[in-house]
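If you're matching them up, the sequences are chains A and B in order. Position 204 of the first sequence, counting from 1, maps to 1701 under my numbering, and the rest follow consecutively. Position 133 of the second sequence, counting from 1, maps to 161 under my numbering, and the rest follow consecutively. All C-beta atoms in this analysis are idealised placements derived from N, C-alpha and C, irrespective of residue type, glycine included. Here the structure is laid out as structure tokens; the discussion comes afterwards.
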Amino acid sequence: MDLSLLAWGAQGWGDEMVRGALVTIAVAALAYLLGIVIGSGLAACKLSGAAPLRWFASVYTTLIRGIPELLVIYLVFFGGGVALRSIASGLFGYDGYIDLPVFVTGVICLGVSAGAYSAEVIRGAVQTVPVGQIEAAMAIGMTRRQRFWRVLVPQVARYALPGLGNVWQFVLKDTSLISVIGLVEIMRQAAIGTGATKEPFTFYVTAAVLYLGLTALSDRGFARAEGWANRGVGRAS
Amino acid sequence: MNLDAIVSAFPQLLAGLPTTLLLVAVAVTCGFLVAVPVALMRLSTNPLPSGLAFAFVYVFRSTPLLVQIFLIYYGSGQFRHFFEQVGLWVLFRDAWFCALLALALNNGAYAAEIIRGGIMSVPKGMVEAGKAVGMSGVQVFKRITFPLALRQALPAYGNEVILMVKASSLASTITILEITGIAKKIIASTFRPVEVFIVAGALYLLVNFVITRVIVLLERRLDPLHRRPKEGALLERTGAPTPATAEVKPRA
């Protein structure tokens, strides 16, 4: 095992691996945000009175949680190109070859899957807010929008934080799957390094250490965020 | 959407189902065999085994499964010379062995935490009761702690098995042709991603549905409250008051 391979600069792969890690963080962060938006929408559907909406949300979560992410990635990667090309030739008469960028594919796929997982978390958090509080807000004359932003959102964010922390760890680790369609994040960069140096163990251990560092850091981050969110809440024990 | 593409993809993908099931079955079985000792080590008061178990669980849960698979399959190549000398190269050059090893260790790490939670949920009084009637430590574990822990852990364990079904798709990245691997091959040659996805997705959902049902049935069976009592047993229970219940008087 030759650790000088991981030197910084033109001679080593250290800076390339760290750049890969930055791509990993970027994909994960965007997918996570997309996931929370989708998850909030799905949670609203699940809690809504309209049966078709509830039905849609439960089909969505069952499908996405039961099908491997890798399969979804292949669908969006190959299917996205086909769809884009048919739109381009149908609407604009453009017949060249276009593909959905792998970065965008990655964000969409992971966001769709994070949405399914965070929907459950957010729904659970909304249900923890006592109905009496909403009634109290109505009683003092808050509008629907005020009730949402002042009563529901701050508490839901606090209750959902631990669950959403788990979803983030999921998303972070699942970014490695995007490497199979060629996005140069940690895993792909490690594969490129392996191809050039014939030292697979060195590179994949480096990748593992980078992921370990990222998950440990985000663990800390979420623990601090939870401490901050619960600062006004006394604990019984 | 093309119905012919669906019809022609179905038998090809169905052929991958046994491979997927085999991967999951072996990984979950071996994972359980890893998880129980790891959970017990983690609960030990001795810091050495408990620290080792913690490190194992932490590393495997904090890194992606894909890294673990590649580290074992490709990474072992860097030490080929060593593995050849000790005679293990036959194993490590085999994609099946590497995939199963990675899946089993990964599953073992997650399952260990679930089993640990189950063991910790067993009320202390039950263990004390076992000791009071003279059971040895091993007997208490075998007859009281472990069965109760498994019952408690079952729902979470079921989720873990379903995650393993999804995780088995990663074996396709090291040449194993299970459902996802075959799906990718068909998509790349026919360019019919949607049709192939529908068939492959349906197969995965079917497998997960069956697993969910089995877990629910097991839960019912293992839960004495929902188990249908035998005729005689019911009479025995509701029949003549035992001395213990006879003395209980309703409070005014």
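DSSP state of residue i mapped onto helix, strand, coil
i	result
Met29(B)	coil
Glu1696(A)	coil
Ile1564(A)	coil
Leu1597(A)	coil
Pro1627(A)	coil
Ala1507(A)	coil
Leu182(B)	helix
Met1684(A)	helix
Arg1721(A)	helix
Pro151(B)	coil
Pro221(B)	helix
Val276(B)	Residue placement at Val276(B) is poorly supported in this model, since its pLDDT is 49, which falls under 50; the coordinates still yield a value, given next. Here Val276(B) sits in coil by DSSP.
Ile1637(A)	coil
Arg1728(A)	coil
Ile204(B)	coil
Asp1592(A)	coil
Ala1585(A)	helix
Ala1547(A)	coil
Asn135(B)	helix
Asp1499(A)	coil
Val161(B)	coil
Pro75(B)	helix
Pro252(B)	coil
Below-9 Å beta-carbon distance, residue i vs any chain A residue
i	result
Leu31(B)	no
Phe60(B)	no
Phe98(B)	yes
Gly165(B)	no
Thr47(B)	no
Ala280(B)	Confidence at Ala280(B) is low in this model, with a pLDDT of 48, below 50, so its placement is unreliable and the value that follows should be read with caution. Not one chain A Cβ lies under 9 Å of Ala280(B).
Asn236(B)	yes
Ala37(B)	no
Tyr185(B)	no
Leu131(B)	no
Glu275(B)	In this prediction, Glu275(B) scores a pLDDT of 49, lower than 50, which makes its location untrustworthy; the coordinate-derived value is nonetheless stated afterwards. No - not a single Cβ of chain A is within 9 Å of the one on Glu275(B).
Thr91(B)	yes
Gly44(B)	no
Gly145(B)	no
Phe82(B)	no
Phe174(B)	no
Ala140(B)	no
Gln106(B)	yes
Ser196(B)	yes
Gly136(B)	no
Ser200(B)	yes
Val87(B)	yes
CB contact below 9 Å: residue i versus chain B
i	result
Gln1643(A)	no
Pro1565(A)	yes
Met1493(A)	The displayed coordinates of chain A run from 1498 to 1734. Any statement about residue 1493(A) would go beyond what the structure contains.
Val1524(A)	no
Ala1801(A)	Residue 1801(A) is absent from the model: chain A starts at 1498 and stops at 1734.
Val1677(A)	yes
Ala1613(A)	no
Leu1744(A)	Absent from the structure is residue 1744(A), since the part of chain A shown begins at 1498 and ends at 1734.
Glu1696(A)	yes
Met1684(A)	yes
Gly1576(A)	yes
Ala1518(A)	no
Boundaries of the alpha helix (DSSP H) in which residue i is found, first to last residue
i	result
Ser217(B)	Ile207 to Thr218
Pro1659(A)	Val1650 to Asp1671
Gly354(B)	As shown, chain B starts at 29 and ends at 280. That puts residue 354(B) outside it, with no answer to give.
Thr173(B)	Element bounds for Thr173(B): n/a, residue is neither H nor E.
Phe60(B)	Leu45 to Leu71
beta-carbon residue i near the ligand NAD non-hydrogen atom, thresh 8 Å
i	result
Leu128(B)	Because no ligand of any kind appears in the structure shown, any question about the ligand NAD cannot be addressed here.
Contiguous alpha helix (DSSP H) assignments of at least 4 residues, all confined to the stretch 81-127 of chain B: For the stretch 81-127 of chain B, whole alpha helix (DSSP H) runs of length 4 or above, ordered along the chain, are 93-101, 108-114 and 117-120.
Segment contact, 8 Å Cβ cut-off, at least three pairs: the stretch 1586-1594 of chain A with the stretch 1523-1541 of chain A: Too few Cβ pairs lie closer than 8 Å, so no.
Touch test, the stretch 61-73 of chain B against the stretch 213-230 of chain B, Cβ-Cβ under 8 Å, three pairs minimum: No: the two stretches stay apart, fewer than three of their Cβ pairs being nearer than 8 Å.
Stretch-stretch touch, CB-based, cutoff 8 Å, three pairs: the stretch 174-182 of chain B with the stretch 1648-1665 of chain A: Segment contact: the stretch 174-182 of chain B against the stretch 1648-1665 of chain A, fewer than three CB-CB distances shorter than 8 Å; contact not assigned.
Sufficient close CB pairs (3 or more, under 8 Å) joining the stretch 84-100 of chain B to the stretch 129-138 of chain B: Because the criterion of three Cβ pairs below 8 Å is met, the stretch 84-100 of chain B and the stretch 129-138 of chain B touch.
Stretch-stretch touch, CB-based, cutoff 8 Å, three pairs: the stretch 1715-1733 of chain A with the stretch 192-200 of chain B: Cβ pair count under 8 Å is below three, so no.
Three or more C-beta pairs below 8 Å linking the stretch 1638-1646 of chain A and the stretch 1560-1578 of chain A: The stretch 1638-1646 of chain A is not in contact with the stretch 1560-1578 of chain A.
Cβ contact (3+ pairs, closer than 8 Å) linking the stretch 1601-1610 of chain A and the stretch 1661-1674 of chain A: A contact is defined here as three or more CB-CB pairs under 8 Å, and the stretch 1601-1610 of chain A meets this definition with respect to the stretch 1661-1674 of chain A.
The stretch 1579-1588 of chain A in contact with the stretch 1507-1517 of chain A per 3-pair CB rule at 8 Å: Contact between the stretch 1579-1588 of chain A and the stretch 1507-1517 of chain A is absent, because fewer than three Cβ pairs lie under 8 Å.
Cβ contact (3+ pairs, closer than 8 Å) linking the stretch 33-42 of chain B and the stretch 1547-1554 of chain A: Judged by pairs of C-beta atoms under 8 Å, the stretch 33-42 of chain B does not touch the stretch 1547-1554 of chain A, as fewer than three such pairs exist.
Segment contact flag, the stretch 55-67 of chain B with the stretch 1683-1693 of chain A, C-beta cutoff 8 Å, min 3 pairs: Output reads no: the stretch 1683-1693 of chain A does not touch the stretch 55-67 of chain B.
Three or more C-beta pairs below 8 Å linking the stretch 100-117 of chain B and the stretch 151-170 of chain B: Too few Cβ pairs lie closer than 8 Å, so no.
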